[in-house]
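What follows is one structure encoded as structure tokens, with my remarks underneath.
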Amino acid sequence: MINLALDIGKTATPESFLFYFLAPLSVLAAVGMLLVKKAVHSALLLAWVMISLAIFYIAQDALFLGIVQIVVYTGAVMMLFLFILMLVGVDSSDSLEENIKGLRLVAILSAVGFGGLLISLISRATFGRQIYGLAAANSGGNANGLAEQLFTKYVFAFEVVSALLITAALGAMVLAHSQKSKSQFTQRDLSISRFRKGSLKDAAGLPGSGVYALHNAVDVPALLPTGKAAPTSISAVLEARGDMIESSNFQLREEEEDK
Amino acid sequence: MAIANYLYLSAILFTIGAVGVVVRRNAIVVFMCIELMLNAANLAFVTFARVNSNLDGQVVAFFTMVVAACEVVVGLAIIVTIYRSRRSVSVDDASLLKQ
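Residue numbers (the numbering used here), protein chains in the order written: chain A, 66 to 324; chain B, 42 to 140.
Right, here's the structure in full:
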């Protein structure tokens, strides 16, 4: 029996340099993902972890997976995450205070326990034979080798996964589709409702803003032929906001008319 | 450097992801932590493919990526739906079943 941790194929120096440079950085980024407040920063740190994992894949003779990791994960999945973050509000920062008392302590303690278990397990594991690496399996090219496996040994799983992809796309469309709770009024509906109101006063539509006044901006009520302001000529939103300007300011004054 | 170092890294990343799922409350961050766990498992698969001198591990990692993509699409759609009805993506707010 050969100890997995000690005797299996040692890697070449460049790869170990790469590992010792990138692995602490990716662990730091992963820890930072938990500590930063804003979800966008978490997403960027996760993207960094994924890119360094892609580099590890390529270093381990999994060229195709490394490229797919960058294209699918950092390209598509992380962009999807960022899109959703934009949808639900970028500045929705998480409050980091704990709701359940002692949850964080319990989580960290159990993480130390679980991680320690995994690590001690790996360090004690033994592997019965010599490691040769992937040179033979990749002799016809990594993508070719993977395709060969995928379309012969794993062809059924491949088909199932394609069905899963279609189902997921349909599911996402169904879930994200929002039905309008009430249909919008058409011009015809509005016209009918104007005539059904009982009086024909507004049947031709409400007066436009600024009509008959010296100032025709949208926030100035129209002046009726009687000289009075018509508040219905202003959008209800402007009125509620208090952005309405008194139209009497723009009215022709008696003394001006005299001159 | 022993190849097992990749496995240690994978174990550490997986554990960090698990802590994140428990500790964080923003549903999107929880989702990202799940992604981290899936990626850590993928690293172990790729490493074992190298140890075993065949490509089966890489094929499994490839399938994991596809399933993870499906999971993200559906999960994010659910998050958007919850956000539409509750105006919040905190996992603590969706607790109607408790009352």
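The beta-carbon is built from N, C-alpha and C at its ideal position, and this holds for glycine as well.
These numbers were taken from a predicted model, which means no experiment stands behind them.
On the CB-based measure, 16 or more other CB atoms within 10 Å of its CB, does ALA295(A) come out buried or exposed?
Classified as buried, ALA295(A) has 16 or more neighbouring CB atoms from the shown chains inside 10 Å of its CB.
Residues that ALA294(A) bridges to, as DSSP identifies them:
Among the bridge pairs identified by DSSP, ALA294(A) is matched with LEU288(A).
Measuring only the C-alpha atoms, how far is GLY116(B) from VAL285(A)?
Near 50 Å, if we compare the C-alpha coordinates of VAL285(A) and GLY116(B).
In three-state terms, what does DSSP make of THR191(A)?
Note: THR191(A) maps to strand in three-state DSSP.
Go through its chain and collect everything with a Cβ distance to ARG125(B)'s Cβ below 6 Å, but skip five positions before and after it.
The answer is none, since no qualifying residue turns up.
Any contact between the stretch 80–91 of chain B and the stretch 100–117 of chain B? By contact I mean 3 or more CB pairs, one from each, below 8 Å.
Contact between the stretch 80–91 of chain B and the stretch 100–117 of chain B is present: three or more C-beta pairs spanning the two stretches fall below 8 Å.
Residues that ALA295(A) contacts on chain B, provided the C-beta gap is smaller than 7 Å
Within chain B, not a single residue places a beta-carbon under 7 Å from that of ALA295(A); the smallest gap is close to 38 Å.
Closer than 8 Å to chain B by CB, GLU322(A):
Only weak support is given to the placement of GLU322(A): the predicted model assigns it a pLDDT of 49, under 50, and the value that follows is read from those uncertain coordinates. The C-beta of GLU322(A) comes no closer than 8 Å to any C-beta of chain B.
Select from HIS242(A), ILE231(A) and LEU303(A) the residue whose C-alpha is nearest the C-alpha of ALA110(B).
Put simply, of HIS242(A), ILE231(A) and LEU303(A) the residue whose alpha carbon is nearest the alpha carbon of ALA110(B) is ILE231(A).
Any beta carbon from chain B within less than 8 Å of ALA88(A)'s own beta carbon?
ALA88(A) has a beta carbon lying within less than 8 Å of a beta carbon in chain B.
Against chain B, with Cβ distances strictly below 8 Å, would LEU183(A) count as a contact?
Under the Cβ distance rule, LEU183(A) counts among the residues neighbouring chain B, one pair being separated by less than 8 Å.
Chain B partners of GLY198(A), CB-CB under 7 Å?
Those within 7 Å of GLY198(A) in chain B are ARG91 and SER94.
When burial is assigned at 16 or more other CB atoms within 10 Å of the CB, is GLN134(A) buried or exposed?
GLN134(A) should be labelled buried.
Start and end residues, alpha helix (DSSP H) containing THR122(B):
97–127 is the span of the alpha helix (DSSP H), which, as asked, contains THR122(B).
Kindly confirm or deny that the stretch 100–119 of chain A and the stretch 131–150 of chain A touch, where touching means at least three C-beta pairs closer than 8 Å.
Counting Cβ pairs under 8 Å, three or more are found: they touch.
Between which two residues does the alpha helix (DSSP H) carrying TYR49(B) extend?
Run containing TYR49(B): 45–64, per the alpha helix (DSSP H) assignment.
Using the Cβ count rule (16 or more neighbours within 10 Å means buried), how would you classify LEU71(A)?
In this prediction, LEU71(A) scores a pLDDT of 40, lower than 50, which makes its location untrustworthy; the coordinate-derived value is nonetheless stated afterwards. Label assigned to LEU71(A): exposed.
Decide if LEU93(A) is buried, meaning its Cβ has at least 16 other Cβ atoms within 10 Å, or exposed.
Exposed.
Tell me, please, whether the CB atom of ARG127(B) is closer than 8 Å to any CB atom in chain A?
So, not an interface residue.
For ILE119(B) and ILE149(A), I'd like the C-alpha separation in whole angstroms.
Here the C-alpha atom of ILE119(B) lies approximately 11 Å from the C-alpha atom of ILE149(A).
Outcome for SER256(A) when other beta-carbon atoms lying within 10 angstroms are tallied against a minimum of 16:
The residue is exposed, with fewer than 16 neighbouring Cβ atoms inside 10 Å.
Mapping the DSSP letters down to three states, classify SER131(B) as helix, strand or coil.
In the structure shown, SER131(B) adopts extended strand secondary structure according to DSSP, grouped into three states.
Per DSSP, ASN67(B) forms a beta bridge with which residues?
Bridge partners of ASN67(B): SER131(B).
Please list the terminal residues of the continuous alpha helix (DSSP H) segment that includes GLN252(A).
Start and end: 252–260.
Beta carbon proximity, ILE75(B) to chain A, threshold 8 Å
Judged by the 8 Å Cβ criterion, ILE75(B) is not in contact with chain A.
Chain A beta carbons: is any one of them nearer than 8 Å to that of MET106(B)?
For MET106(B), the answer is yes, since a Cβ of chain A falls inside 8 Å of its Cβ.
In three-state terms, what does DSSP make of MET66(A)?
In this prediction, MET66(A) has a pLDDT of 34, which is less than 50 and means its spatial position is unreliable; what the coordinates show is noted afterwards. Annotated three-state conformation of MET66(A) is coil, per DSSP.
Buried versus exposed call for TYR47(B) [16 or more other C-beta atoms within 10 Å across all chains shown]
With 16 or more other Cβ atoms inside 10 Å of its own Cβ, TYR47(B) counts as buried.
Residues of chain A with CB closer than 7 Å to the CB of ALA102(B), please, in chain order.
The answer, in chain order, is LEU130.
What do you get for LEU69(A), buried or exposed, if any count of 16 or more other CB atoms within 10 angstroms of its CB means buried?
Residue confidence for LEU69(A) is low, a pLDDT of 45 falling below 50, so the modelled location carries little weight; the figure read from the coordinates is stated next. Answer is buried; the Cβ neighbour count reaches 16.
How long is the line joining the alpha carbons of ILE57(B) and ILE44(B), rounded to whole angstroms?
Going by C-alpha positions, ILE57(B) is about 21 Å away from ILE44(B).
What number of angstroms, rounded off, separates the C-alpha of MET66(A) from the C-alpha of LEU186(A)?
Annotation note: pLDDT 34 at MET66(A) (below 50); position unreliable, no value reported.
Please go through the same chain and pick out, in chain order, the residues whose beta-carbon is closer than 8 Å to the beta-carbon of ASP134(B), but skip the five residues on each side of it.
Within the same chain, ASP134(B) has close Cβ partners ARG127.
Check the Cβ of GLY236(A) against every Cβ in chain B and list those closer than 8 Å, keeping chain order.
Under the 8 Å cutoff, chain B gives VAL114, VAL115 and ALA118.
Give a yes or no on whether the minimum CB-CB distance between ALA70(A) and chain B is below 8 Å.
Summary for ALA70(A): the model assigns pLDDT 42, below 50, so the residue's position carries little reliability; its value from the coordinates is reported in the next sentence. Chain B contact via Cβ: present.
Please state if the CB of PHE121(A) and the CB of LEU84(B) are separated by a distance shorter than 8 Å.
Yes.
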